[in-house]
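These notes are about the structure you will find just below.
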Amino acid sequence: MALLQWKDRYSVGIAAVDHEHKELIALINRLYDEWKQGSSRSLVEDFFGDLYKGISAHFALEERFMRERGYDQLTAHKNDHERLLDEIRDIMDDFADEKQTTSSLAGRLEAWFSRHFEMHDARLHQRLGAHPH
Ligand SMILES: [Fe+2]
Ligand SMILES: [Fe+2]
């Protein structure tokens, strides 16, 4: 069973953007599966690295797009990105310290993701359309 499920209310109304968001959710699910299966710590750390890179790259793309287009809520949107990256770094630290459990992973990520997609990304893409790839 996947950790996070895509929900229709996450949709920003643009298939290409939804596709990217689904890929981020898939990265989290892949990481969770490896971790839950008891894969080696170094393998799970590699998956964390991939997840962090994938999310950072997606955020960087959005932020460049907002800057180029003079988006009015760039700061608030970017701050929310920073919060999620902090959260993922915290989860990685807790994993390294053996304090993070798989069962609390969903709670730590899902609330953030759903809120960010529904509030920030939906507004951004309703105003400006799709960002270039
Ligand atoms: Fe996004
Ligand atoms: Fe965003």
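Numbering-wise (the working numbering), the sequence shown opens with residue 359 and increments by one.
Note that the Cβ used here is the ideal one computed from N, Cα and C, for glycine as well.
Residues in its own chain within less than 7 Å of Met424 by CB, not counting five upstream and five downstream? Taking the first residue of the sequence shown as 1, we reach residue 424 at position 66. Same-chain partners within the cutoff: Leu432, His435 and Leu482.
Under 8 Å between C-beta atoms of Leu443 and Ser400: Residue numbering aside, residue 443 sits at position 85 when the sequence shown is read from its first letter. Residue numbering aside, residue 400 sits at position 42 when the sequence shown is read from its first letter. No, these two residues do not count as a Cβ contact at 8 Å.
In its own chain, which residues sit with a C-beta less than 7 Å from the C-beta of Arg466, not counting the 5 before and 5 after it? Position 108 of the sequence shown, counted from the first residue, corresponds to residue 466. Excluding its 5 nearest sequence neighbours in each direction, Arg466 has C-beta neighbours in its own chain below 7 Å: Glu445 and Ile449, listed in chain order.
Just confirm the distance between the C-beta atoms of Leu385 and Gly412, as a whole number of angstroms; I'd bet it's less than 8 Å. Position 27 of the sequence shown, counted from the first residue, corresponds to residue 385. Position 54 of the sequence shown, counted from the first residue, corresponds to residue 412. That pair is a contact at about 5 Å.
Is it true that the CB of Asp438 sits closer than 8 Å to the CB of His489? On the sequence shown, position 131 is the one that residue 489 refers to. On the sequence shown, position 80 is the one that residue 438 refers to. With contacts defined by Cβ atoms closer than 8 Å, His489 and Asp438 do not form a contacting pair.
With DSSP as the reference, label His491 as helix, strand or coil. Numbered from its first residue, the sequence shown carries residue 491 at position 133. Residue state, collapsed to three classes: coil.
Can Gly371 and Gln458 be called in contact, C-beta distance under 8 Å? Translated into the one-based positions of the sequence shown, residue 371 becomes position 13. Translated into the one-based positions of the sequence shown, residue 458 becomes position 100. Contact: no.
Distance, Cα to Cα, Ser472 vs Leu362? The sequence position of residue 472 within the sequence shown is 114, counting from 1. The sequence position of residue 362 within the sequence shown is 4, counting from 1. Cα to Cα, Ser472 sits roughly 10 Å from Leu362.
Can you look up Asp430 in the DSSP assignment and give me helix, strand or coil? The sequence position of residue 430 within the sequence shown is 72, counting from 1. Asp430 sits in coil when the DSSP states are folded into three classes, being neither helix nor strand.
For Glu378, is the classification buried or exposed, using 16 other Cβ atoms within 10 angstroms of its Cβ as the cut-off for buried? In the sequence shown, residue 378 corresponds to position 20, counting from 1. Under the 10 Å beta carbon count, Glu378 is surrounded by 16 or more other beta carbons and is classified as buried.
Could you pull the start and end residues of the alpha helix (DSSP H) that Asp366 belongs to? For the purposes of this step, residue 366 is taken as the residue at position 8 of the sequence shown. Asp366 -> no alpha helix (DSSP H), and no H or E assigned at all.
I think Val402 touches Leu389, with their Cβ atoms under 8 Å apart; what is that distance to the nearest whole Å? For the purposes of this step, residue 402 is taken as residue 44 along the sequence shown, with counting starting at 1. For the purposes of this step, residue 389 is taken as residue 31 along the sequence shown, with counting starting at 1. Distance from Val402 to Leu389 at the Cβ level is roughly 7 Å; contact confirmed, criterion being Cβ atoms closer than 8 Å.
Compare the Cα-Cα distances from Trp470 to each of Gly396, Leu382 and Ala360 and report the closest residue. The residue you call residue 470 lines up with position 112 of the sequence shown. Selected option, being the one with the closest Cα: Leu382.
Within a Cβ cutoff of 6 Å, which residues of the same chain sit near Phe453, ignoring the five residues on either side of it in sequence? Locating residue 453 in the sequence shown gives position 95, where the first residue counts as 1. So no residue of the chain qualifies.
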